[in-house]
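Chemist: Starting off with a structure, shown below.
Residue numbers (the working numbering): 1288 to 1575.
Structure (structure tokens):
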């Protein structure tokens, strides 16, 4: 039996629309399933956990955005249950990092239901799993502000938060420990990538791989506000990595200490210090 975890309000109603498509596909192909769409994420995960502990489940299909997929990870990884995500959110960076299609739902579901799942790496930060990017610095400050704004709704809220926070933002000093070294640096932004993108397609760690057992770490060192505005758009193509103030390295483990907040898969982790590890083969999913 398949489990379908649904956030019907994600993507301004796209979650409900795509959930109908998933249900239609499973019904048409005579595949047994159970749907979960509780009023809160906590209730949904509790219901899903109870189901997984009392049924033989072939896999969990999350229909929503990165927030739902991130929550599902916490449930399926300890149980070694395969998971997939139908991209019905505004960012969909977990889907992007895994190389899944953003629109070919039927062909994707055909692969999921007819092919064996394979192992991929996942990140673990202070006992919480993440699939794409762990980040801290300016983007986390912007997330904090965006989450506090009542207006506007949707992606524009993030742009407003950038405009509000950039004039007052100062580089943050970090103490960093990796597999091979410990050092201190000031940074505008630090991204720890299991996957490649965040923020709705920003290729912040464009060379990250899901099967090498290592994080790609991107550090943007201090630049002027004007230079930051020049560098920032390049993250959509991944060409920012050639900037002289960008440092990139790989490591299995990383610890960060600073007066800063961290986010993973767009979800708030909390204040530093934080410690993260790339766990090889921790997840089960379907890759292209």
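We put the CB at the ideal spot given by N, CA and C, even for glycine.
So, is residue 1418 buried or exposed, given that buried needs 16 or more other C-beta atoms within 10 angstroms?
Modeler: Buried, by the Cβ-count rule.
Chemist: Assuming residue 1358 and residue 1332 form a contact by the criterion Cβ under 8 Å, report the distance between their Cβ atoms to the nearest whole angstrom.
Modeler: Sure, about 6 Å apart at Cβ, within 8 Å.
Chemist: Identify every residue that forms a DSSP beta bridge with residue 1505.
Modeler: BP columns for residue 1505 point to 1478 and 1535.
Chemist: Applying the criterion that 16 or more other CB atoms from any shown protein chain within 10 Å of the CB defines a buried residue, is residue 1470 buried or exposed?
Modeler: Looking at its Cβ environment, which holds fewer than 16 other Cβ atoms inside 10 Å, residue 1470 is exposed.
Chemist: List the DSSP bridge partners of residue 1555.
Modeler: In the DSSP output, where bridge partners are listed per residue, residue 1555 has 1550.
Chemist: Nearest CA to the CA of residue 1558: which residue from 1564, 1387, 1323 and 1423?
Modeler: Among 1564, 1387, 1323 and 1423, the Cα nearest to that of residue 1558 is on 1423.
Chemist: Going by other Cβ atoms of all chains shown within 10 Å of its Cβ, with 16 needed for buried, is residue 1427 buried or exposed?
Modeler: Flag for residue 1427 reads buried.
Chemist: Does the beta-carbon distance from residue 1509 to residue 1474 come in below 9 Å?
Modeler: In contact: residue 1509 and residue 1474 (Cβ atoms closer than 9 Å).
Chemist: Please report the residue range of the alpha helix (DSSP H) in which residue 1443 lies.
Modeler: First-last of the alpha helix (DSSP H) with residue 1443: 1443-1452.
Chemist: Starting from the Cα of residue 1430, find the closest Cα among 1497, 1449 and 1412 and give me that residue.
Modeler: The residue with the shortest Cα to Cα distance from residue 1430 is 1449.
Chemist: Residue 1417 lies in the alpha helix (DSSP H); which residues open and close that run?
Modeler: That residue, residue 1417, is in no alpha helix (DSSP H); its beta strand (DSSP E) goes 1415-1417.
Chemist: Any chance the region 1486-1498 sits against the region 1510-1517, with 3 or more Cβ pairs inside 8 Å?
Modeler: No, the region 1486-1498 does not touch the region 1510-1517.
Chemist: Kindly identify the DSSP beta-bridge partner or partners of residue 1489.
Modeler: BP columns for residue 1489 point to 1485.
Chemist: So for residue 1298, helix, strand or coil by DSSP?
Modeler: In the structure shown, residue 1298 sits in a helix (DSSP, three-state: H, G or I).
Chemist: Contact defined as beta carbons within less than 8 Å: I believe residue 1293 pairs with residue 1351. What is the distance between those atoms, to the nearest angstrom?
Modeler: So it is a contact: roughly 7 Å between Cβ atoms.
Chemist: Which residues in the same chain as residue 1313 place their Cβ atom closer than 7 Å to its Cβ, once the five residues preceding and following it in sequence are excluded?
Modeler: The answer, listed in chain order, is 1289 and 1320.
Chemist: Using the three-state DSSP reduction, which class does residue 1323 fall into: helix, strand or coil?
Modeler: Note: residue 1323 maps to strand in three-state DSSP.
Chemist: Given this structure, state the Cα-to-Cα distance separating residue 1342 from residue 1325, to the nearest angstrom.
Modeler: Cα to Cα, residue 1342 sits roughly 19 Å from residue 1325.
Chemist: From residue 1339 to residue 1453, what does the alpha carbon distance come to, in whole angstroms?
Modeler: Their backbone Cα atoms lie some 45 Å apart in a straight line.
Chemist: Determine the closest residue to residue 1446 out of 1410, 1433 and 1383, with distance taken between C-alpha atoms.
Modeler: When each option's Cα is compared against that of residue 1446, the closest is 1433.
Chemist: Near residue 1565, which residues of its chain fall below 7 Å by C-beta distance, leaving aside the five closest residues on each side in sequence?
Modeler: Contacts found: 1408, 1410, 1481, 1500, 1501, 1502 and 1539.
Chemist: Write down the C-beta distance between residue 1467 and residue 1541 rounded to the nearest angstrom, noting that I regard them as a contact closer than 8 Å.
Modeler: Contact doesn't hold; Cβ gap of about 11 Å is too wide.
Chemist: Which stretch, first to last residue, makes up the alpha helix (DSSP H) that contains residue 1337?
Modeler: Here the alpha helix (DSSP H) through residue 1337 covers 1328-1341.
Chemist: Tell me the rounded alpha-carbon separation between residue 1573 and residue 1455.
Modeler: About 43 Å.
Chemist: At the level of alpha carbons, what is the spacing between residue 1451 and residue 1444?
Modeler: Roughly 11 Å between the two C-alpha positions.
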